[in-house]
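Trainee:
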Amino acid sequence: MVVLVTGATGFLGRQVVGELLEHRYDVRCLVHTPGRERMFPEDSVDVHYGSVSDPAALASAFLGVESVIHLVGIIRQQGGATFQSVNHEGTANVAAAARNADSVKEIVLVSALGAANNPGMPYMHSKWQGEQAVAAGGVPYTIIRPSIVFGKGDEFTSMLGALIKVSPLVPVVGTGRNRFQPIHVNDLARSIALTLGRADLRNRVVEIGGPEQLSYNELLKLICDTLGKFRIPFHLPSWMMRPNVWLMERVLPKPPLTSEELRMISVRNVAETDAVAGFFGFNPRPVGGNLDYLKEISFSEGIKTMAGFMPASLRDH
Ligand SMILES: NC(=O)c1ccc[n+]([C@@H]2O[C@H](COP(=O)([O-])OP(=O)(O)OC[C@H]3O[C@@H](n4cnc5c(N)ncnc54)[C@H](OP(=O)(O)O)[C@@H]3O)[C@@H](O)[C@H]2O)c1
């Protein structure tokens, strides 16, 4: 069975490809930046190049495909790549390509916990619009909405790890009591692979997260403990951070925080704590004890990250 993975070279995508290969699927990858497919063992996957904004490239990539795992999504807008063009219209293009390819039997869309019809939150709104396009597309679908995803190469904990590494004071937006339910990237990848062929999950939205709901303050403490650092949190209302973040977004290539992330940080982002066990029959790993990759962040990598130049050694794209 041929499974097409879009966003295959991303932080989540490469783990999904690994899971699918272990399950002995024939994997086809839609690769956005030519050359990045070299991360996969030679001849292990079939490669098609293209963008989700290019219907002709999609039509060719979809030939003979039975299942689609659509992972392409951006959380930071850059140049012409906007939430609308990638998360909404790109997903609509994928849904149309799936419908036009007679062979496609199912599409798994990775959305985000918090996706909603709320234009005030442009990222979440675009993810919701993408969901709508898939649901209206006419191909049986499963929408997976994960909470934040952690693991080596992620953005969220790597950024916090870099901050904690270099700064004795750690800014916290608001009270820091807002809860998240981080899921490890390998557990999410496994859940996605296990979604294929699941008739009981057809045309459903599946909200998942890790085994614990952690406040931002608790997550910071876990990272401090992992890195063996004592840090003093100082709480700032989000309105006070907004001008700085606005400026950083305009001058830094990779700002430590974007306006969109600042908005999302104060929105509750949790599912049921037994969601993965309930839907997929295994227990995902907790955050505590699984952050060791942050110990590899050097002081100079931390400085570069805080200066808006996160090195490829921490996150390679
Ligand atoms: N990471 C999280 O915490 C998290 C939480 C909830 C939901 N999600 C969702 O999970 C999905 C995967 O996230 P991720 O963290 O793995 O993202 P990521 O690391 O940024 O990977 C995104 C992938 O999409 C590709 N891509 C970007 N624009 C494209 C385009 N126009 N056409 C084709 N491919 C394109 C990228 O290729 P290039 O690098 O070559 O451009 C990359 O392979 C996204 O939909 C995201 O919204 C992530």
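So in the numbering used here, spot 186 of the sequence shown is number 174, and the numbers just go up one at a time.
Glycine included, every Cβ here is placed at the ideal spot set by N, Cα and C.
Because the structure is a prediction, the values reported are computed rather than measured.
Specify the secondary structure class of Thr(-3) as computed by DSSP and reduced to three states.
Mentor: If DSSP states are grouped into helix, strand and coil, Thr(-3) belongs with coil.
Trainee: Is Asp14 helix, strand or coil when you go by DSSP?
Mentor: The answer is strand: DSSP assigns Asp14 an E or B state.
Trainee: Locate the beta strand (DSSP E) running through Arg133, then write down its first and last residues.
Mentor: Element bounds for Arg133: 129 to 134.
Trainee: Report the CB separation of Val275 from Gly198 in whole angstroms; it is logged as a contact under 8 Å.
Mentor: Val275 to Gly198, Cβ: 7 Å. Contact.
Trainee: Just the Cα atoms here: how many angstroms apart are Arg26 and Ala45?
Mentor: Distance between the alpha carbons of Arg26 and Ala45 is about 20 Å.
Trainee: Tell me whether His223 sits in a helix, a strand or coil according to DSSP, three-state version.
Mentor: Looking at His223 - three-state DSSP - the assignment turns out to be strand.
Trainee: Can you check DSSP and say which residues form a bridge with Ile171?
Mentor: Answer is Val137, bridged to Ile171.
Trainee: Can you confirm whether the stretch 150 to 170 touches the stretch 252 to 268 when touching is taken to mean that 3 or more C-beta pairs between the two stretches lie within less than 8 Å?
Mentor: The stretch 252 to 268, when compared against the stretch 150 to 170, does touch it at the 8 Å Cβ threshold.
Trainee: Count the other CB atoms within 10 Å of the CB of Arg192; is the residue buried (16 or more) or exposed (fewer)?
Mentor: Result: exposed.
Trainee: Just verifying my parser: in three-state terms, what is the DSSP assignment at His20?
Mentor: Note: His20 maps to coil in three-state DSSP.
Trainee: I'd like the span of the beta strand (DSSP E) that includes Val160, first residue to last.
Mentor: Run containing Val160: 157 to 161, per the beta strand (DSSP E) assignment.
Trainee: Pair every Cβ in the stretch 168 to 178 with every Cβ in the stretch -1 to 8, then say whether three or more of these pairs are closer than 8 Å.
Mentor: The stretch 168 to 178, when compared against the stretch -1 to 8, does touch it at the 8 Å Cβ threshold.
Trainee: In chain order, what residues of the same chain have a beta carbon less than 8 Å from the beta carbon of Met310, not counting five sequence neighbours either side?
Mentor: Since the first residue shown for the chain is -11 and the last is 305, residue 310 is missing from the structure and cannot be characterised.
Trainee: Beta-carbon separation of Val(-9) and Leu240 under 8 Å?
Mentor: The answer is no: Cβ separation not under 8 Å.
Trainee: Strictly by DSSP, which residues pair up with Ala69?
Mentor: Gln66.
Trainee: At 4 residues or longer, and completely inside the stretch 258 to 283: list those alpha helix (DSSP H) runs for me, N to C.
Mentor: Counting whole runs of 4 or more residues, the stretch 258 to 283 contains the alpha helix (DSSP H) stretches 263 to 268.
Trainee: Under 8 Å between the Cβ atoms of Cys17 and Val40?
Mentor: No.
Trainee: Please state whether DSSP places Ile95 in a helix, a strand or coil.
Mentor: It is a strand residue.
Trainee: Hey, is the stretch 102 to 112 in contact with the stretch 79 to 91, meaning 3+ C-beta pairs nearer than 8 Å?
Mentor: Verdict: no, contact absent.
Trainee: Based on DSSP bridge pairs, tell me the residues matched to Tyr37.
Mentor: BP columns for Tyr37 point to Val19.
Trainee: So, under 8 Å CB-CB, Gly290 and Val158 are touching, yes? Tell me the CB distance rounded to an integer number of Å.
Mentor: So it is not a contact: roughly 12 Å between Cβ atoms.
Trainee: Where does Arg238 sit, in a helix, a strand or coil, going by DSSP?
Mentor: Arg238: helix per DSSP, three-state reduction.
Trainee: For Gly125, which option in Val92, Pro107, Met228, Gly139 has the closest C-alpha, if you only look at C-alpha atoms?
Mentor: Here the closest residue by C-alpha is Val92.
Trainee: Are the CB atoms of Leu282 and Ile220 within a distance shorter than 8 Å?
Mentor: Result no, Cβ atoms of Ile220 and Leu282 do not sit closer than 8 Å.
Trainee: Taking the beta carbon of Glu119 as the centre, do at least 16 other beta carbons fall within 10 Å, making it buried, or is it exposed?
Mentor: With 16 or more Cβ atoms within 10 Å of its Cβ, Glu119 is classed as buried.
Trainee: Any heavy atom of ligand 1 closer than 7 Å to the beta-carbon of Thr130?
Mentor: For ligand 1, not one heavy atom lies less than 7 Å from the Cβ of Thr130.
Trainee: Indicate, with yes or no, if ligand 1 has a heavy atom lying under 7 Å from the CB of Ala(-4).
Mentor: Yes, ligand 1 has a heavy atom inside 7 Å of this Cβ.
Trainee: Which residue comes first and which comes last in the alpha helix (DSSP H) that contains His113?
Mentor: From DSSP, the alpha helix (DSSP H) with His113 extends over 110 to 123.
Trainee: Going by Cα to Cα distance, which pick from Val53, Ala150, Arg64 is closest to Ala89?
Mentor: The shortest C-alpha separation from Ala89 is found at Val53.
Trainee: If you check the beta carbons only, do Glu248 and Tyr129 fall under 8 Å apart?
Mentor: No, Cβ-Cβ distance for Glu248 and Tyr129 is not below 8 Å.
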